[in-house]
Structure formats: C-alpha cells, structure tokens
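Novice:
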Amino acid sequence: MATLRQKALLMAQDRPKVTATPPSGRISDYFGTLVFGLKQMKESLAPSVFKKVMEAIDKGSKIDPSTAEEIASAVKVWAMSKGVTHYTHWFQPLTGSTAEKHDAFFDAHAGIEKFKGSALVQQEPDASSFPHGGIRSTFEARGYTAWDPSSPIFIFDKTLCIPTIFVSYTGEALDYKTPLLKSMEAINDAAIAVCQLFDRNVRKVTPSLGVEQEYFVIDKALFATRPDLVMSGRTVFGHNPARGQQLEDHYFGSIPTRVKDFMMDFEIEAHKLGIPVSTRHNEVAPSQFEVAPIFEEINKAIDHNQLLMDLMSKVAEKHNLKVLLHEKPFAGVNGSGKHNNWSLITDTGVNLFQPSNSARENLQFLTFVVATVKAVYDHADLLRASIASASNDFRLGANEAPPAIMSVFLGSTLTGVLDELEKNGNVKIEKGDNMYMKLGISKIPEIILDNTDRNRTSPFAFTGNKFEFRAVGSSANSAGPMTALNVIVAEVLRNMTKDIEKEMSAGKEKKIAIVNVLRKYIKDSKKIRFEGDGYSDEWAAEAEKRGLSNLKSTPFALDVYHDKKVIELFGKLNVLTPVELSARHEIMLENYIKKVQIESRVMGDLALNHVIPTAIQYQNKLIENANGLKGLGLDNKAAVETIKEVSKHIELVKENVNAMIDARKKLNKEEDIVKRAKGYCTDVKEKYFDKIRYSVDKLELFVDDEFWPLVKYREMLFIK
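Structure, rendered in structure tokens:
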C-alpha cells in the first residue's frame with residue numbers, strides 16, 4: 023500500500039501543464055491596466071480635480087470632500103467597467119501581512135451602485151482583534167483606515183483596493199504604513215536642508231527602494247504531507263539528503279519548466295497591477311528562486327512587495343504549487359531574504375548616492391554616504407531590531423545571509439576615498455581607463471568596473487549607487503526596517519546641517535565647513551565599517567573589541583525599543599510616540615513567543631503521533647526478526663541490541679516532549695500571573711510608572727502586596 027508521501031509524489035509527477043498566456047506580446051500594452059494611476063486619473067478627472075490630486079501626492083496637501091466625491095465617482099465607473107462589484111480599504115496591520123474588508127458598491131435601499139467620497143477617504147474596520155500592544159482594550163473596537171493618495175488604487179481579485187493607513191480611535195498608528203509615511207517626511211525635510219548647501223533648486227527628496235524577493239516553491243501535495251510546513255512554515259524535523267546545494271548547480275541554472283510557467287503567470291498579473299517586476303532566476307538552494315522589480319518610490323515599492331507576496335501565493339494555487347516565504351523552511355540549505363536596495367532621489371533627478379565627474383556633486387555624494395554610515399554606527403542596534411523575528415534568527419549568519427552584527431561595507435574604492443578625506447581633507451574619485459577590466463580576449467568587449475565589489479556577508483553594503491540592506495527576512499514587511507533606516511539617516515542629516523552651519527558661522531568657507539564635518543563623522547563612525555568575511559570568528563572577536571553589538575536572538579534585539587535614545591529619536595522626528603514604540607515591542611515579542619510555541623506544539627505532535635508510532639512499528643518488526651532467529655537457533659544478539667536502542671530513543675523522545683509540554687504549561691501559568699500583575703500595576707502606575715519595563719534576560723516581579731508572588735520568568739514585566 024502506497025504511503026501518503028508516495029501518493030503525493032505520484033500526484034506531483036502527474037500534474038497537467040498550466041500555461042500562462044499574456045494579453046499581448048508587449049508588456050507595455052497591459053502594464054498597469056488594473057491600476058487607477060496618473061494616466062487614468064488624468065483621463066477621467068476634471069483638470070482642477072486632477073491638479074488637487076497631484077498636490078496631495080507631491081506636497082501632502084489634504085483632499086477636500088467635494089474633490090473626494092469626484093474622484094470616487096470616477097473610480098467607481100472605471101472599476102465597474104472591469105467587472106468589479108466590491109471595494110475595500112487595503113491596509114497593513116502589525117500582523118506583517120495585509121488586511122481587507124469588502125463592501126459592495128450596490129446600495130440595496132436605493133437599488134443602484136453607489137460609492138461616496140467619504141467611503142473612499144475613510145472606513146472603520148474592527149480594531150480590537152488586530153495586534154495593538156496594549157494601545158486598545160478588547161472592548162475598545164473602533165479603528166480607522168484613511169486613504170493614502172500617494173499609492174495608486176488597484177483591482178485585485180475583482181475587488182477595488184484602496185491603499186490606506188490604519189490608526190486607533192485615539193489616533194495611534196496600528197500599522198506599518200503610517201510611520202513609514204512620517205519617516206519619509208522626516209528624511210525629506212532633513213535631506214533638503216543638506217542638498218540646498220549644494221543646489222538651491224532642490225525642493226523634494228524621496229527615498230527609492232527596490233525589493234529583491236527570495237522564495238521556495240514546492241508541490242502542493244508534498245506541502246500537505248508535512249504538518250510542520252503547514253502549521254509553522256518550516257520543517258521542524260527532517261533528514262539531509264545526500265545531495266543538497268553542495269554542487270551549487272541550481273544557482274542561475276535553467277529554470278524548471280513548471281516553475282517558469284508559474285513565474286510567467288504571476289509576472290503577467292503583477293504587470294497588470296503596475297508592479298514593475300523585471301528579473302527572475304534560480305537561487306542557490308534547490309527549489310529556491312528570486313523575483314526582483316525596478317526601483318520605485320519607497321511607499322509604493324513596499325505596497326507592491328506586500329501585494330506581490332499575496333499574488334504569488336494565489337497564482338501558485340492555480341499551478342498546484344506552494345510558495346514558501348519563511349526565512350528558513352529547510353535545514354542545511356540557504357534561507358530566503360529580501361534585499362532592500364535603498365537610495366535617495368531629488369526632484370531635480372539626482373541620485374544622491376551616485377558618484378559623478380562633477381567635484382560639487384561628488385562632495386554631495388560623499389556627504390550623504392558619510393551621513394548614512396554614521397547613522398548605522400549610531401543606531402546599529404535599532405537596525406538589528408527592525409529585522410528581528412523568530413524565523414529570521416534561523417537565517418542570519420551563513421549561506422549568503424549576513425550575520426547579526428551590523429556593519430557597513432563600502433568596497434576598496436570608496437574606503438580609500440573616505441580614508442583620504444579623513445586624513446588629508448581631499449575629495450578624489452577617479453574615473454577613466456582604470457574603470458575597465460582588461461580581459462585579454464579580443465572578441466569580448468571591455469567590462470566596465472563598478473566602484474565597489476559586492477560582499478554577500480555584509481548586512482548593509484554600498485553597491486555602486488545605493489545601499490543594500492541584506493538582513494531583512496523574506497516574509498517581513500519591509501516598511502519596518504525602511505522606517506528605521508529613514509529615521510536614523512534623517513537624524514544624522516539634521517545634526518550634520520547644524521554642525522556645518524556652526525562651522526560657517528565661525529567664518530569657515532562652505533566647502534571647508536562641509537569637509538571638516540565629514541572628516542569628523544568619518545572618524546566617529548569608522549568602527550562600523552568592515553570589508554572582510556562577516557561569517558568568520560575573527561570578525562566576531564574584532565567586532566566585540568570595537569564595541570559593536572552581536573544580538574543573535576530576537577528577544578535580546580527587541581529590547582532596544584525601550585532605550586531612551588531610540589524613544590527620543592522617534593519622538594523628535596514625529597514618527598512614533600513612546601506608546602506606539604512600546605506597543606510595537608510588545609507585539610513583536612508576543613509574535614516571537616507565539617511562533618516558538620506553535621513550532622514546539624508541532625514538534626510534540628509529530629514526535630508523539632508520527633515518529634514514535636513509526637518507531638514502534640519498526641521495533642515490532644525487529645522483535646519478530648529476533649524471535650525468528652532464536653527459533654531457528656541463530657544468534658539474535660544484534661537484533662536485541664537494536665531493539666533496546668530503539669526503546670531508549672522512544673523513551674527519550676517521550677521524556678523530552680513531556681518536558682517541553684510541562685515547560686509550556688508553566689510558561690502559560692506564569693504569563694497569566696504576569697497579566698494579572700500588570701492589571702494591578704495599572705492601579706498603582708503613578709507610583710511605579712517609571713520603573714515598569716520589559717526585560718529580556720530575567721523577570722523579577724515584585725509588588726508591594728503579599729498577594730503577589732515573586733515570579734521569575736524570561737521576557738516579561740518586572741518592577742525593579
């Protein structure tokens with residue numbers, strides 16, 4: 023009789039081919055056809071209304087009710103012409119994924135389709151069941167979604183989707199988009215001030231982002247045979263095959279036909295949605311692949327990445343495949359990440375991280391590079407916390423994933439430029455014949471060299487005209503890490519402007535003032551720069567000497583959200599309040615604990631209900647064999663020894679699973695005590711308010727009341 027896995031393999035082998043046919047031979051013919059973008063708005067809105075929309079997008083001005091009515095009317099007509107019957111406010115709560123509540127255009131009372139401007143601009147989803155980190159009580163359910171005009175409206179699954187922010191009844195951010203938009207304003211203001219030292223025409227600076235997305239693909243039937251994959255996204259038990267990725271022959275190899283059909287299908291749908299995916303290839307691990315888009319404005323890029331992950335999963339179902347976005351679904355092979363390629367673009371068309379032949383532009387380029395390096399040095403722990411998760415912990419530190427130690431890779435060319443600037447105050451970026459690689463093959467054109475090599479072991483690397491934040495996990499919402507990056511760079515740019523102005527007010531010529539400040543910042547942040555192997559033990563030892571943190575575990579990394587320096591940083595830039603920061607810490611920590619608990623439950627279930635029964639079946643066969651040998655008068659000692667060994671393993675598995683269950687029960691009981699204690703502390707918060715905080719390494723809860731015991735437990739509340 024065939025086993026479940028054998029049946030799944032047979033199903034996988036007999037899958038019918040699912041082809042994808044594009045609407046046209048040219049992507050440009052159908053790109054963005056499901057998006058109510060600038061072209062559609064210009065065609066369907068009155069010029070005065072379109073102008074107001076553009077002002078809202080470019081300058082952040084508010085859209086008045088009458089303008090909203092006209093936009094809503096045009097959107098409804100456009101959507102219904104494409105067969106749409108429902109609309110939703112599409113938002114990004116702190117679950118990490120997206121959320122939506124569908125409403126029909128049809129008004130049963132009026133008997134006609136309606137879509138008011140008020141419905142476009144604002145909705146009220148239930149806020150109580152989304153992660154809120156203590157901002158809301160269970161009975162306080164009200165929350166609001168509000169339209170984000172800077173991200174285009176689109177149609178997905180025959181539903182009109184309106185990108186929105188999500189806030190509580192009392193105004194706190196309950197999503198990823200709200201702080202991201204605020205961080206964009208912060209870095210815009212700070213970067214403009216620095217840019218105008220070089221070019222008075224700059225009026226806007228926008229962060230740009232390209233998100234490379236890695237993922238695994240397996241057959242749907244094989245996925246269903248693994249309860250651990252279904253429940254936790256990764257295999258908690260497994261066996262390394264004889265051949266994994268040792269030969270590295272999968273990387274950039276010929277894409278398997280079935281996977282290529284799937285890729286083509288989701289790319290067609292992505293292009294209809296205006297997602298500019300352009301690159302596809304095999305990744306290093308077997309069954310691992312990557313999709314990469316062209317760069318976009320950061321808010322739109324993150325919306326598109328969230329939408330793309332959802333789209334890929336839905337299209338995979340059509341092909342009887344399953345997309346795995348977990349950072350480390352399989353042991354012994356590469357994990358998956360998002361490589362966030364970040365840069366800053368001015369409204370005059372200048373990439374601030376692009377070297378130039380112009381001396382003035384090169385000084386500007388170095389100013390922003392140095393500011394970014396200084397920002398990473400000042401807030402390395404915050405960047406580490408921004409990418410922390412239970413699943414990413416498995417990935418960091420090997421197989422092309424950067425280590426937990428935050429560092430900046432600049433490459434030999436740029437390192438030499440900064441060293442020269444620091445020592446002698448000279449700005450020298452050479453271009454010319456040395457920028458070409460001499461291959462000595464007459465038929466091959468000269469290869470243009472980049473001004474830096476790549477370092478796969480660096481979490482934050484300069485790659486020619488952008489910084490690549492490689493540490494972000496594949497399942498993560500990039501808005502969290504990118505908000506942190508925007509904020510820390512904005513702070514340094516603000517401080518830099520003040521320092522340069524101080525130099526100038528002391529009588530220094532502007533260029534000299536800028537160079538003086540850069541030399542100081544280069545010296546101050548030098549410890550964060552590293553050009554070598556980030557995986558080596560030598561680097562870990564060297565990083566410790568330099569005073570750099572090595573926060574290997576998520577709970578330890580998340581503790582930074584309670585640092586006074588971080589609270590003040592987000593507060594002064596008006597991105598997150600202390601309450602919002604504390605809530606995010608609690609949500610991320612709770613998410614970590616819940617995921618570890620889910621994995622432990624899956625592990626216990628597999629051990630007790632799958633592994634042990636199979637081991638007992640094998641043991642019974644051995645007993646039959648041993649008895650048969652004995653009956654024939656043959657030596658059965660080897661069989662008996664194997665039976666005893668199997669018995670020991672079975673008992674050990676039972677013992678460890680029961681110990682794990684007991685530990686979890688104890689955890690839940692102590693969690694309940696802590697929750698009750700937190701309620702008590704609310705009543706005496708005036709007395710203990712400044713002493714309440716979360717600790718990673720221990721819990722010592724002591725309340726001045728004999729009813730409350732001394733509780734010792736990791737990662738919970740304590741009063742010092």
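The sequence shown begins at 23 in my numbering and counts up one residue at a time.
Glycine included, each C-beta is placed from N, C-alpha and C at the ideal position.
What's the call for V188, buried or exposed, on a 16-neighbour Cβ count within 10 Å?
Specialist: Strictly speaking, residue 188 in this sequence is Phe, with Val absent from that position. Looking at its Cβ environment, which holds 16 or more other Cβ atoms inside 10 Å, F188 is buried.
Novice: Going straight from the alpha carbon of D415 to that of K574, what length do you get?
Specialist: One C-alpha to the other measures close to 7 Å.
Novice: Return helix, strand or coil for D179, following the three-state DSSP convention.
Specialist: Coil.
Novice: Would you mind working out which of A393, F152, A565 sits nearest K542, comparing C-alpha positions?
Specialist: Ranking A393, F152, A565 by Cα distance to K542 puts A393 first.
Novice: Do you know how far the Cα of I544 is from the Cα of A101?
Specialist: Each residue's Cα considered, the two are about 53 Å apart.
Novice: So, helix, strand or coil for E590, using DSSP?
Specialist: Residue state, collapsed to three classes: helix.
Novice: Quick one: give me the first and last residue of the beta strand (DSSP E) that L346 is part of.
Specialist: Element bounds for L346: 343-346.
Novice: Give a yes or no on whether the C-beta atoms belonging to L202 and N596 are separated by under 9 Å.
Specialist: In this structure, N596 does not lie closer than 9 Å to L202 by Cβ.
Novice: Any idea what DSSP makes of H261, helix, strand or coil?
Specialist: Three-state DSSP puts H261 in coil, outside helix and strand.
Novice: Can you tell me whether D441 is buried or exposed? The criterion is at least 16 other CB atoms within 10 Å of its CB, across all chains shown.
Specialist: It counts as exposed.
Novice: For my contact list, A314 and S300 are in at a C-beta cut-off of 8 Å; report their separation, rounded to the angstrom.
Specialist: That pair is a contact at about 7 Å.
Novice: By the three-class DSSP mapping on this structure, what secondary structure does P185 have?
Specialist: Correct three-state label for P185: strand.
Novice: Which of the three DSSP states, helix, strand or coil, is assigned to L432?
Specialist: L432: coil per DSSP, three-state reduction.
Novice: How is V40 classed by DSSP in three states: helix, strand or coil?
Specialist: Note: V40 maps to coil in three-state DSSP.
Novice: With a floor of 3 residues, list each beta strand (DSSP E) that falls wholly inside the segment 274-338, ordered by position along the chain.
Specialist: Listed in chain order, the complete beta strand (DSSP E) runs (minimum 3 residues) inside the segment 274-338 are 299-304, 310-315.
Novice: Given a threshold of 16 other Cβ atoms within 10 Å of its Cβ, counted over all protein chains shown, does K350 qualify as buried or as exposed?
Specialist: Classification for K350: buried.
Novice: Return the residue from the list L418, V227, A130, A579 that minimises the CA-CA distance to T370.
Specialist: When each option's Cα is compared against that of T370, the closest is V227.
Novice: Put F390 into one of helix, strand or coil per three-state DSSP.
Specialist: If DSSP states are grouped into helix, strand and coil, F390 belongs with the helices.
Novice: Locate the alpha helix (DSSP H) running through T120, then write down its first and last residues.
Specialist: First-last for T120: undefined, no H or E at that position.
Novice: Between which two residues does the beta strand (DSSP E) harbouring Q235 extend?
Specialist: Looking at the DSSP string, the run of the beta strand (DSSP E) that includes Q235 is 227-241.
Novice: Assuming the contact rule is C-beta atoms closer than 8 Å, H303 and F274 should be a hit. Round their C-beta distance to whole Å, please.
Specialist: About 6 Å; that satisfies the 8 Å criterion.
Novice: Does the beta-carbon of N456 have 16 or more other beta-carbons within 10 angstroms, so that it is buried, or is it exposed?
Specialist: Residue confidence for N456 is low, a pLDDT of 42 falling below 50, so the modelled location carries little weight; the figure read from the coordinates is stated next. Burial call: exposed.
Novice: Using the three-state DSSP reduction, which class does L366 fall into: helix, strand or coil?
Specialist: Strand.
Novice: From which residue to which residue does the alpha helix (DSSP H) around T769 run?
Specialist: This structure cannot settle anything about residue 769, because the visible part of the chain is limited to 23 through 742.
Novice: Quick one: what's got a C-beta closer than 7 Å to A412's C-beta in the same chain, skipping five residues either side?
Specialist: Cβ neighbours of A412 beyond the five flanking positions: T576, Y614, K617, V618.
Novice: Using DSSP with H/G/I as helix, E/B as strand and the rest coil, what is H671?
Specialist: If DSSP states are grouped into helix, strand and coil, H671 belongs with the helices.
Novice: Decide if T25 is buried, meaning its Cβ has at least 16 other Cβ atoms within 10 Å, or exposed.
Specialist: Under this definition T25 is an exposed residue.
Novice: So what's F352 in DSSP terms, helix, strand or just coil?
Specialist: The answer is coil: DSSP assigns F352 none of H, G, I, E or B.
Novice: Please classify G655: is it buried, with 16 or more other beta-carbons within 10 angstroms of its beta-carbon, or exposed?
Specialist: So G655 counts as exposed.
Novice: When you compare the segment 555-562 with the segment 385-392, are there three or more beta-carbon pairs, one atom per stretch, that lie closer than 8 Å?
Specialist: Taking 8 Å as the limit for Cβ pairs, the verdict is that the segment 385-392 does not touch the segment 555-562.
Novice: Out of M334, N262, M526, state which residue places its alpha-carbon closest to the alpha-carbon of I297.
Specialist: Checked all of M334, N262, M526; the closest Cα to I297 is M334.
Novice: Buried or exposed, going by whether 16 or more other CB atoms sit within 10 Å of the CB of Q268?
Specialist: Burial call: exposed.
Novice: What's the call for Q114, buried or exposed, on a 16-neighbour Cβ count within 10 Å?
Specialist: Burial call: buried.
Novice: Go ahead and pull the three-state DSSP assignment for V128.
Specialist: Just to set this straight, residue 128 is Phe in the shown sequence, not Val. DSSP places F128 in strand when its eight states are reduced to three.
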